[in-house]
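Participant: Before I ask anything, let me first share the structure, which is written out below as structure tokens.
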């Protein structure tokens, strides 16, 4: 081993034994070698002689790069020697033992040279390669790899190319058509015939090469009496890869773009339809060799799709001519009719095999043929619309098209059914592995059902009576006893699908055929309902056909509601079913609000234990409740929950959607209840709602940091205010306490303050006992979240200020770290909500609460309960709330309510002075009143009244001062208007 090989080995070292310095030196040395004029000679010699794969790979890689970049700079004799050496290296008998990556590099180097020289300098490029095929399998292998590289590096349109590269590609292809393609196609046939038995891998490589070229070469080169029979012969070969390659070539042939009539003629001449039609009993190797079965299914689907598209084009050409008033001569009409009849016969022959592929039970096999069936049904729907009457009804019974529909429905049901050996457990998985297997299978089934159920609905729209009869028969067999749960689940799921887009007459309770099917399933105790997937399908179906339940008399709706609330729904032992049931019951309650009103007492009683149980036991692993299931068409899968939040320092992964929807269900039901009904006409309803509220409080208490749960609980409280009125007040402290928990952040406190504002507006002074308890806690929480040096003016938290990082950093004297701007936004929102809260207290007869806070938290001796609270009371309450807000308001001082407000303001001003002393007066004289524009004499009079006058006298002064200020403001406005007018 010399320095050259050592350098390559050091460069490729992955053991860590070679240091970075040695690697860098080795790479520098190899760059010098690449720059040498004789580098190609060294690389050829070492590729042949070296014992190290790393060295041979580096040499092959370097030769390939040289052929692409600097080949034209070599002398002519060197170029000829390099070409011959590369072809010899890949065709000699020993080349078959080289690893694939080395043979690929040789092929890429040869093609890079051909890109420079073919056809001008190397016109015999392909003939030279064809001349080596007699040397054996190694030469054939190189030939196939070179053709693959020609496709990838020069011809393929899938690779983005520059304008010059696209021009070169077209020139290369045209030259191949003129000079080589016929010889290459003949070689393909010879290779497959020669090596199919002795070296099937070589024959497979040749067929895989053919696939790449079929779409742009003359179709006669491969669709002929020699090559096609050879493909059919290979389809019976024992090797899976060889059969699959033959199927892929046939797929490319039948997918070749051409005129419609020519395509139909080609397909008939190929004789591929009878071969595929023999698969009506099932695709070959579907169980033993699934990958091969997928290739067969793609061939079958491509064949049927091409026939259908050609049929449509022939029909449309005649229709288009007739539509523009052109006369279609008899001969053309006869040719079109003959082509359409031939296409119809071909499809009739293929249809049983297509449906067999759909019933195969494998996702990829079914996925291959579903697009064809969708296109076929779409064509039938178009024909239906063109028929007399505008296609409002079903296809005529006995028509050739309608004859396929029952078989399509049967095949869809078979494909949508869970297999007998399913991994889907009944209620609870016995192990984590079982659960994972079930989740994977159910996700795959949900994905499969997306297109399947679309196909089912489209097919049913063509023959509704037949579809109803089919599903009715399935349901009768499923609920009759002894049926497997898989049959029950798919039958109920199909009933659910029929309801989407069904005519109004069919779903009309009492008379509609579909409504009768739904009523039947609602009136039946389904034997397999315990299985979680069956339970989910039933619950989804009940909601879809809720109108049927509502119109089913005195027994139907209570029975359906009971299934949501007992062990078949929210009480189901499978947690995912229980949570989904709560969500679906919410939807049912929304749809049938008025119908459920007589059942409200029973519903609320049944809901309470579910609320309490779910709130008391947050789960670490739960299924998704609002995610859809397979019954709805596959837009989700069961058992895939997600962690929503963390509680305190503990990390819980939980799914609270079931509880959320249970609370929402109560809210929906409560929307149908008025205050008078719950408190006067039927107070027992109010008692039940109050009980539901007491149970619901356990939810945010157990999961205080779960924001979706908090939001739903607050919405629930808002609804209870409307239903229960003042009878709600005794329950509010407990409810508010859990919302204002110890770790509540700024957004949480904002929610509480907004709720208190609503309560203050609604109940006014009746809320005083509640506010006496909650206001101190709210104020303390606000001041713990907003630091003592917080800028209470809000100037630094405006949107404009927050948009500048430096301003955001300066606001509140906080560093502008990651997330600081958003944090400041939340704090600014908290400040606004806090001011609104104080405003609500002052203007709703709850000033005593503020006075109590000022009295208790600011002592006359200078102490304060919270750092900064004294300054807050002076500036924000004593200044902004009592004086600035009073002046800025539109209050009419002649109103009796205004006199009462002025009295409270006077009392509060003297209270603030009693607690904050001279500092408060100094703030008024030197800062606030000058900013408000008060004359010095008026300011001194206000100070005197605050310190020495009675409340009544101070009130009268405030009234007089307010009148003067209002008059001044009006004069200034008129003067401004006159100036603007001039």
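Numbering (UniProt numbering), first residue to last: 1 to 982.
Virtual Cβ for every residue (Gly too), placed ideally from N, Cα, C.
Is it the case that the Cβ atoms of residue 849 and residue 777 are separated by a distance below 8 Å?
Facilitator: Taking the chain shown and counting its residues from 1, one reaches residue 849 at position 849. Taking the chain shown and counting its residues from 1, one reaches residue 777 at position 777. Cβ atoms of residue 849 and residue 777: not closer than 8 Å.
Participant: Counting Cβ pairs, one atom from each stretch, are 3 or more of them under 8 Å apart for the segment 972-981 and the segment 921-928?
Facilitator: In short, these stretches do not touch, since the Cβ pair count stays below three.
Participant: Does residue 116 come out as helix, strand or coil in the three-state DSSP assignment?
Facilitator: Taking the first residue of the chain shown as 1, we reach residue 116 at position 116. The answer is helix: DSSP assigns residue 116 an H, G or I state.
Participant: Check residue 289 in the structure and name its three-state DSSP category.
Facilitator: What you label residue 289 is simply residue 289 of the chain shown in a count that begins at 1. Correct three-state label for residue 289: coil.
Participant: What is the DSSP secondary structure of residue 574, reduced to helix, strand or coil?
Facilitator: Counting from one through the chain shown, the residue named residue 574 turns up at place 574. If DSSP states are grouped into helix, strand and coil, residue 574 belongs with coil.
Participant: Which residue marks the beginning of the alpha helix (DSSP H) containing residue 148, and which one marks its end?
Facilitator: Numbered from its first residue, the chain shown carries residue 148 at position 148. Segment 137-150, the alpha helix (DSSP H) holding residue 148.
Participant: Taking buried to mean at least 16 other C-beta atoms within 10 Å of its own C-beta, is residue 176 buried or exposed?
Facilitator: Looking up residue 176 in the chain shown gives position 176. Result: buried.
Participant: For residue 1030, does the count of other Cβ atoms within 10 angstroms reach 16, so buried, or fall short, so exposed?
Facilitator: Nothing about residue 1030 can be reported from this structure: the residues present for the chain run from 1 to 982 only.
Participant: For residue 188, does the three-state DSSP call read helix, strand or coil?
Facilitator: As a first step, residue 188 must be located in the chain shown, where it is residue number 188. Helix at residue 188.
Participant: Pull up the distance between the alpha-carbon of residue 1016 and that of residue 766, whole angstroms please.
Facilitator: The structure shown does not extend to residue 1016, since the chain is modelled only from 1 through 982, so no value can be given for it.
Participant: Residue ranges of each alpha helix (DSSP H) run of no fewer than 4 residues wholly in the segment 421-509, ordered along the chain?
Facilitator: Fully enclosed alpha helix (DSSP H) runs of 4 or longer: 432-462, 464-479, 485-498, 504-507.
Participant: Do residue 358 and residue 276 count as a contact pair if the criterion is CB distance below 8 Å?
Facilitator: Within the chain shown, the letter at position 276 stands for residue 276. Within the chain shown, the letter at position 358 stands for residue 358. No; because the gap between Cβ atoms is not below 8 Å, this pair is not in contact.
Participant: Please state the DSSP three-state secondary structure of residue 610.
Facilitator: Counted from its first residue, the chain shown places residue 610 at position 610. DSSP places residue 610 in helix when its eight states are reduced to three.
Participant: For residue 170, count the other beta carbons within 10 Å of its own beta carbon; 16 or more makes it buried, fewer makes it exposed. Which is it?
Facilitator: Looking up residue 170 in the chain shown gives position 170. With fewer than 16 other Cβ atoms within 10 Å, it is exposed.
Participant: Can you give the Cα-Cα distance for residue 418 and residue 144, rounded to whole angstroms?
Facilitator: Here residue 418 is taken as the residue at index 418 of the chain shown, counted from 1. Here residue 144 is taken as the residue at index 144 of the chain shown, counted from 1. Whole-angstrom Cα-Cα distance: 44 Å.
Participant: Are residue 360 and residue 286 touching if we call contact CB-CB under 8 Å?
Facilitator: Position 360 of the chain shown, counted from the start, is the residue given in the question as residue 360. Position 286 of the chain shown, counted from the start, is the residue given in the question as residue 286. It is a contact, given that the beta carbons lie within the stated cut-off.
Participant: Do the segment 463-479 and the segment 403-414 touch if we need at least three Cβ pairs shorter than 8 Å?
Facilitator: Segments in contact, yes.
Participant: Quick one: using the 10 Å Cβ neighbour count with 16 as the cut-off for buried, is residue 101 buried or exposed?
Facilitator: In the chain shown, residue 101 corresponds to position 101, counting from 1. Residue 101 comes out exposed.
Participant: Would you mind stating whether residue 552 and residue 502 have Cβ atoms separated by less than 8 Å?
Facilitator: Here the question's residue 552 lines up with position 552 in the chain shown. Here the question's residue 502 lines up with position 502 in the chain shown. No, these two residues do not count as a Cβ contact at 8 Å.
Participant: Whole-angstrom Cβ separation of residue 151 and residue 212, contact assumed at under 8 Å?
Facilitator: Taking the chain shown and counting its residues from 1, the one referred to as residue 151 is at position 151. Taking the chain shown and counting its residues from 1, the one referred to as residue 212 is at position 212. That pair is a contact at about 4 Å.
Participant: Measuring only the C-alpha atoms, how far is residue 179 from residue 187?
Facilitator: As a working mapping, residue 179 is identified with position 179 in the chain shown. As a working mapping, residue 187 is identified with position 187 in the chain shown. Roughly 14 Å separates the two Cα atoms.
Participant: Hey, how far is the Cα of residue 977 from the Cα of residue 928?
Facilitator: Taking the chain shown and counting its residues from 1, the one referred to as residue 977 is at position 977. Taking the chain shown and counting its residues from 1, the one referred to as residue 928 is at position 928. Roughly 28 Å between the two C-alpha positions.
Participant: Output the distance between the C-alpha atoms of residue 956 and residue 757, rounded to the nearest integer angstrom.
Facilitator: By one-based count along the chain shown, residue 956 stands at place 956. By one-based count along the chain shown, residue 757 stands at place 757. The alpha-carbon atoms of residue 956 and residue 757 are separated by roughly 30 Å.
Participant: For residue 761 and residue 842, what's the separation of their Cα atoms in angstroms?
Facilitator: Stepping through the chain shown from its first residue, residue 761 is reached at position 761. Stepping through the chain shown from its first residue, residue 842 is reached at position 842. Each residue's Cα considered, the two are about 11 Å apart.
Participant: Check whether the segment 52-70 and the segment 90-105 touch, using three or more Cβ-Cβ pairs below 8 Å as the test.
Facilitator: These segments touch.
Participant: On the criterion of 16 or more Cβ atoms from any shown chain inside 10 Å, does residue 258 qualify as buried, or is it exposed?
Facilitator: Reading the chain shown from its first residue, position 258 is the one you call residue 258. Exposed is the call here.
Participant: Comparing alpha-carbon positions, which option in 340, 578, 210 lies nearest residue 540?
Facilitator: For the purposes of this step, residue 540 is taken as the residue at position 540 of the chain shown. Considering only alpha carbons, the answer is 578.
Participant: With DSSP as the reference, label residue 708 as helix, strand or coil.
Facilitator: Stepping through the chain shown from its first residue, residue 708 is reached at position 708. Note: residue 708 maps to helix in three-state DSSP.
Participant: Evaluate the contact criterion for the segment 818-834 versus the segment 744-756: three or more CB pairs, one atom per stretch, below 8 Å.
Facilitator: Yes, since at least three Cβ pairs between the segment 818-834 and the segment 744-756 fall closer than 8 Å, the two stretches touch.
Participant: Less than 8 Å between the beta carbons of residue 260 and residue 314, yes or no?
Facilitator: For the purposes of this step, residue 260 is identified with residue 260 of the chain shown, where counting begins at 1. For the purposes of this step, residue 314 is identified with residue 314 of the chain shown, where counting begins at 1. Result yes, Cβ atoms of residue 260 and residue 314 sit closer than 8 Å.
Participant: Drop a sphere of 10 angstroms on the beta-carbon of residue 844, count the other beta-carbons inside from all chains shown, and report buried for 16 or more, exposed for fewer.
Facilitator: If you number the chain shown from 1, residue 844 lands on position 844. Residue 844 should be labelled buried.
Participant: Under a three-way DSSP split, which group does residue 817 fall into?
Facilitator: For the purposes of this step, residue 817 is taken as the residue at position 817 of the chain shown. In this predicted model, residue 817 has a pLDDT of only 34, less than 50, meaning its place in the structure is not dependable; the value taken from the coordinates is given anyway. In this structure, residue 817 counts as coil in the three-state DSSP scheme.
Participant: Is the Cβ-Cβ distance between residue 688 and residue 604 less than 8 Å?
Facilitator: By 1-based counting over the chain shown, the position of residue 688 is 688. By 1-based counting over the chain shown, the position of residue 604 is 604. Going by C-beta atoms, residue 688 is nearer than 8 Å to residue 604.
Participant: Between the Cα of residue 931 and the Cα atoms of 887, 910, 967, 959, which residue gives the shortest distance?
Facilitator: Within the chain shown, the letter at position 931 stands for residue 931. With distances taken between Cα atoms, residue 931 lies closest to 887.
Participant: Contact check, residue 64 vs residue 109 under 8 Å by CB: the rounded distance?
Facilitator: Sequence index remark: in the chain shown, residue 64 carries index 64 (1-based). Sequence index remark: in the chain shown, residue 109 carries index 109 (1-based). Yes, residue 64 and residue 109 are in contact; Cβ-Cβ is about 4 Å, under 8 Å.
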